[in-house]
Structures are given as C-alpha cells and as structure tokens.
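This report refers to the structure that appears directly beneath it.
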Amino acid sequence: MQIVDKGKDIKFSIMIPAYKDRYLKETIDSVLAQTYRNYEIVIVNDASPYDLDKIVTKYDDSRINYFRNEKSCGAKNVVDNWNICLSHATGEYVMCIGDDDKLTPRCLQDFVDLIKKYPNLDLYHARSEIIDDDSNFVCLLEKRPEWESVYSLMYNPRNTHLGDWLFRTETLRKNGGFYKLPYGWQSDDISAFIAAASYGVANTQEVGFQYRGNSLSISHDLTCIEDKIEAVRYAIKWRLEFVANQHPQNEDDKNLIRLIKRDGIVSGYQDIDDMVEFDIRKHFWVRGWFWFLNHQKYGISFRRFFCCILKTIKYRF
30 MQIVDKGKDI KFSIMIPAYK DRYLKETIDS VLAQTYRNYE IVIVNDASPY
80 DLDKIVTKYD DSRINYFRNE KSCGAKNVVD NWNICLSHAT GEYVMCIGDD
130 DKLTPRCLQD FVDLIKKYPN LDLYHARSEI IDDDSNFVCL LEKRPEWESV
180 YSLMYNPRNT HLGDWLFRTE TLRKNGGFYK LPYGWQSDDI SAFIAAASYG
230 VANTQEVGFQ YRGNSLSISH DLTCIEDKIE AVRYAIKWRL EFVANQHPQN
280 EDDKNLIRLI KRDGIVSGYQ DIDDMVEFDI RKHFWVRGWF WFLNHQKYGI
330 SFRRFFCCIL KTIKYRF
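In terms of my numbering, the sequence shown is residues 30 to 346.
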C-alpha cells in the first residue's frame, strides 16, 4: 500500500474509549492501516473486566498511547470517558471511534484533502457505511453536501455516529468537550452542532468510517430506552433554544431556522416513536404494557402509542 505524505503537518488523534475486547484489535488495525501516517491512537481502558492489556501491549508502535481508568465511567456516563480521551489527545484534530468500529485506509487522507480545501472549519464529517458482526457490508449511508451550514445539518437529519465526526481539538475543548447526556445519546449530535455553529461542516464524499451495527453496543441496549427518550426530548428543547438565539444574514439559513422551529418537534417525536416501536417489537406483551402505563410520562400521546402498537403488530404478523 502506498504511503501518502500530503499534508503531513496535520496531526490527528484517533481516540478509542475502550471497554469491550471482541473487536478492539480490528479497530486498532484499521487505524494503523491508514495511508496518511501523522496520527496518534489514544486508547482509554474504562476499567474493563476484559483483558484489553493483552491486546494493546502486543503492538510495538510509538503512536499508540494507552491509559487505564481506575474506576469505570460506566455506560450511562460514557461521555466522561470520551472526554478523558480528549484530555490525552495531542493532535490538532480528533476522532472518537467505538472499540468495535473501523476506519477505511484513506479516511485520514480524505480529511487532509478536505481540511486543505476548507481550512477554517471546526468540524468535518466522514461518509459512513454499516458493517455487521463479521465486518461484512450492510449498507452505505447517503452522501452529504461537501459543505453545509449548521442549520442545514440540523434540519436535514441523517444517520450519523460519534466516529463520523472530526473535531478541531482546540475548539472542542473550548466548548467544554463532548456534550454530556446519559449513555451518550444525542451527545454527538449536540457536540457537532456546537462545533459547526460558526463555520458549518465539510463532508467527505468517500466512505471513511465503518460503524458496526452489533447487538453488544449501547445503542441496542433496551434497558436504557427511557433515558434515551429523555435525551431526545432534551435534544428537541436544546435545538429550539439554539436556533432561537441565532441571527444569520443568509436568507437560506433564515428559512432553515423557520423550518427547524416548525418541524423540529415533529422530527423528534418520530425518533421517540421509532424507539418505542423497536422496544415493543422485542418484548411485545411486557413492553407494550409498560408503554401503555407510561406513555404520558414520556410525553407520548395515546394516539402515537397506538400507532406504535399497530406498526408492531404489522411487523410481527
């Protein structure tokens, strides 16, 4: 594989907040396979019960920096470990990827090319694809505009993940690090919105990030769905408060703000309803009864709850 040195002055920190061991080697290997070489890997072991030391210490590469937390942040406070990773980073730009995700070989080089074209931004985004437990291709996520404002980013929600984003380190730290919400749900989105507020975001057009859609991830853990719904409700409120304080001069952005104010709540409701429907699918009688008793508590109308039940029945039968 040819090594590309274009833009060698830019240093990246690839941060891996680690807990699980199953895919960690694959994740590290995908970073070490980069065609662009000026980077470091920051791995923070969140007091894992698995033998992560055995995996990491097999590598003889000075770019790998390995740390251990004395006490686990835990799944609910996973954002704390993201920010611990950030505290160790020395690169000008940071990515925070899961311990089961992967980068494609040209990911960093594509970012270098994008940074050279849009040097003043605080946020960049890699096109992504979904892989399964065996690293087989599942689906390709859509292309995004090469550049877009924060208002376009907010109004046109797409399937994104924490590892998609590349942040300017200095700006992320000035913003207080990654925005903390339980289980990291909506934390990456809000962190990205804050970073894109001034100058927008530039998006790579080639796949740079591979998100593993496996059953071991927090995003598939139904035990914390109530916290996730609260996070979505909080994020809806945050978005509306954010745009209420924005006064762009560009007419397109003004129109996007109007649309966000008009449609933002509806979009958030759909996210919540999708989660409830998914929850009921897995445990129809138990979770269906739970949501019947508690739908009002989580701001879900009976009509929306009933629609979730009907969709679940259609799915099951």
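Every residue gets a Cβ at the ideal spot worked out from N, C-alpha and C, and that includes glycine.
Taking all protein chains shown into account, serine 116 has fewer than 16 neighbouring C-beta atoms within 10 Å of its C-beta and is therefore exposed. Under the DSSP assignment, threonine 341 falls in the alpha helix (DSSP H) whose first and last residues are 331–345. Distance from the CA of leucine 182 to the CA of glycine 237, rounded to the nearest whole angstrom, comes to 19 angstroms.
Non-local beta-carbon contacts of glycine 206 in its own chain, meaning distances under 6 angstroms to residues more than five positions away in sequence, involve Asn112 and Leu115 in chain order. Exclusion of the five residues before and after glycine 317 leaves Ile309 and Ile338 as the residues of its chain whose Cβ lies within less than 7 angstroms of its Cβ.
Shortest Cα-Cα distance from serine 42 to any of Met124, Ala231 and Val305 involves Met124.
One Cα belongs to aspartate 282, the other to isoleucine 93, and the distance between them is close to 42 angstroms. Around the C-beta of glycine 213, 16 or more other C-beta atoms lie within 10 Å, and the residue is accordingly described as buried.
For isoleucine 159, the enclosing beta strand (DSSP E) begins and ends at 152–160.
Taking tyrosine 79 as reference, the option from Ser101, Ile301 and Leu322 with the minimal CA-CA separation is Ser101. Assignment of alanine 264 by DSSP, reduced to helix, strand and coil, places it in the helix class. Taking the Cα of leucine 195 as reference, the smallest distance to any Cα among His312, Pro148, Tyr122 and Ala118 is reached at Tyr122.
For alanine 231, no alpha helix (DSSP H) encloses it; the enclosing beta strand (DSSP E) starts and ends at 230–241. Straight-line measurement puts the Cα of phenylalanine 331 at about 49 angstroms from the Cα of arginine 135.
Looking at the DSSP output, serine 59 shares a beta bridge with no other residue.
For histidine 276 and threonine 119, the gap between their C-alpha atoms comes out near 34 angstroms. Residue pairing of alanine 47 in beta bridges, as defined by DSSP: Asn74. According to the DSSP assignment, tyrosine 95 belongs to no alpha helix (DSSP H) but to the beta strand (DSSP E) extending over 93–97.
When C-alpha distances from arginine 197 are compared across Asp162, His324 and Asp151, the shortest belongs to Asp151.
If you draw a straight line from the Cα of leucine 169 to the Cα of glutamate 158, it comes to about 4 angstroms. Counting C-beta pairs closer than 8 angstroms gives three or more between the segment 257–267 and the segment 298–305, which meets the contact rule.
CA-CA distance, threonine 189 to serine 91, rounds to 31 angstroms.
Contact check for valine 272 against isoleucine 286 passes: the beta carbons are separated by less than 8 angstroms. In the three-state reduction of the DSSP assignment, serine 42 falls in the strand class. Between the alpha carbons of isoleucine 144 and arginine 173 lies a gap of roughly 16 angstroms. About 7 angstroms separates the CB atoms of glycine 242 and aspartate 161; that is less than 8 angstroms, so the two are in contact. Of the other Cβ atoms in all chains shown, fewer than 16 fall within 10 Å of the Cβ of glycine 103; this residue is therefore exposed.
Within the same chain, Cβ atoms closer than 8 angstroms to the Cβ of aspartate 218 are found at Thr189 and Ala264, the five residues on either side in sequence being excluded. Just so you know, the alpha carbons of phenylalanine 313 and asparagine 323 end up roughly 15 angstroms apart. Looking only at Ile258, Arg187 and Leu269, the smallest Cα-Cα distance to asparagine 232 is reached by Arg187.
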